[in-house]
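Data block below; observations after.
In the working numbering, the protein residues as written are 125 to 559.
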């Protein structure tokens, strides 16, 4: 009888995943031999273990290795190494001096970005981004297009910024001029000489970038600055101030077809809060608090009737607006549907109260009837004639109404019985006297 030759699926040297007898899962290895008679494989695994007699259904092709390729063609086997390379090479400017560093539209496309250790540089981020970190720069001009999250500026000295972001936060900064669009109140901490004016940078397609970052150009908190170190004499004053328009607000532009969707007069109509976030605060927590505060502020704007203190516009003095005279009380017409509902509710309430009172009266009557019946049972019956006793028994078995009538007629029956007893006594006396 001719022997059966088994088909070899995986060549010697092929990378496979195999599972030997008694194993519960597959492991990576390399085919070292194939037995045509039994159709089994010999496999050497990555840890050096060697197994023979592995059946074909327990051998499969190894999963293809995932590779990551950077824009410059460099490949990586792990995502972590790829992201680190991308961040250091394509999503950051660092360790430069006297350079003009530019990222154009599409270069960042919503990724995070960092700017670190620069001296006398001009940085242009002409694209929308996620969170941006600026750290350790001196004598630089920095333009940061719409950021959908926070822009952190730390240890910046003698710099000029044009920043559009969801939240601006600064720490340990000195003598910086900030042209700002911020969706939330900007924060300064342990900083001095910070000067703010409205966002005035323009470049092509910036309006679309604002939309991609979900920023509303007309809602700008640039002047509602919160100082974490207000009143701290250890930090030189002023910690921050607004640049008067009369002093001049610098512009920055790329030239032709440049656009800036933020009006110079855009200002969020919200009273600045005596609250902010420390640099270490997580973004999710800051966002939660911000959303709650915005909701509270909108309600406060519509409900406040007292005086309103407005922060001064650049070039104007602070002013306190006196509260208007209270308007005459207005007589509002009742909505028929609402009035009907109210009337129905009141009627139901009255009906419920009447039912409760009626139930209380019935309970009181039942208690009185029980007391009267108990008194009747305790009274001596020798003075009552048989008719009266029968009537009393019938009254006890009758309805509560009949029992009440019987109780009312009881005094008259008792008087008649007593009169009959007196009459009988008188007859007895007369009989004795006759004898």
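The beta carbon of each residue, even a glycine, is placed where N, CA and C say it ideally should be. Note that the structure is predicted; figures quoted are calculated from it, not measured.
DSSP-derived helix/strand/coil call for residue i
| i | result |
| --- | --- |
| residue 370 | helix |
| residue 135 | coil |
| residue 420 | helix |
| residue 352 | coil |
| residue 562 | The shown model of the chain, from 125 to 559, leaves out residue 562, and the question about it has no answer. |
| residue 146 | coil |
| residue 291 | strand |
| residue 491 | helix |
| residue 319 | strand |
| residue 219 | strand |
| residue 180 | helix |
| residue 248 | strand |
| residue 175 | strand |
| residue 526 | With a pLDDT of 40 at residue 526, under the threshold of 50, the modelled position of this residue cannot be trusted; read the value that follows with caution. The answer is helix: DSSP assigns residue 526 an H, G or I state. |
First through last residue of the beta strand (DSSP E) which encompasses residue i
| i | result |
| --- | --- |
| residue 227 | 224-227 |
| residue 158 | 151-159 |
| residue 265 | 265-281 |
| residue 243 | 237-243 |
| residue 299 | 298-306 |
| residue 311 | 311-313 |
Beta-carbon proximity list for residue i, same chain, < 6 Å, skipping 5 on both sides
| i | result |
| --- | --- |
| residue 141 | 150, 152, 184, 186 |
| residue 135 | none |
| residue 132 | 158 |
| residue 319 | 301, 365, 367 |
| residue 518 | Reliability fails at residue 518, whose pLDDT of 48 lies under 50, so the model's placement of it is uncertain and the value that follows must be treated cautiously. Answer for residue 518: no residue qualifies. |
| residue 143 | 150, 182 |
| residue 255 | 236, 273, 274 |
| residue 324 | 303, 373, 375 |
| residue 211 | none |
| residue 322 | 346, 388 |
Terminal residues of the alpha helix (DSSP H) in which residue i lies
| i | result |
| --- | --- |
| residue 212 | 203-213 |
| residue 334 | 330-336 |
Whole-angstrom distance between residue j and residue i, CA atom to CA atom
| i | j | result |
| --- | --- | --- |
| residue 214 | residue 221 | 18 Å |
| residue 207 | residue 216 | 12 Å |
| residue 487 | residue 497 | 15 Å |
| residue 301 | residue 283 | 6 Å |
| residue 224 | residue 243 | 11 Å |
| residue 291 | residue 310 | 6 Å |
| residue 259 | residue 240 | 5 Å |
| residue 380 | residue 326 | 10 Å |
| residue 485 | residue 415 | 57 Å |
| residue 330 | residue 285 | 17 Å |
| residue 351 | residue 294 | 10 Å |
Contact test: residue i Cβ vs the ligand ATP heavy atom, cutoff 7 Å
| i | result |
| --- | --- |
| residue 209 | Absence of the ligand ATP from the depicted structure is noted, as is the absence of any ligand whatsoever, leaving it without description. |
Residues of its chain near residue i, where Cβ-Cβ distance is below 7 Å and the 5 sequence neighbours each way are ignored
| i | result |
| --- | --- |
| residue 146 | none |
Proximity test, Cβ basis, 8 Å: residue i and chain C
| i | result |
| --- | --- |
| residue 493 | Among the chains of the structure shown, chain C does not appear; only one protein chain is present. |
Nonlocal neighbours in the same chain, by C-beta distance under 8 Å from residue i, ignoring five residues either side
| i | result |
| --- | --- |
| residue 359 | 314, 315, 316, 353 |
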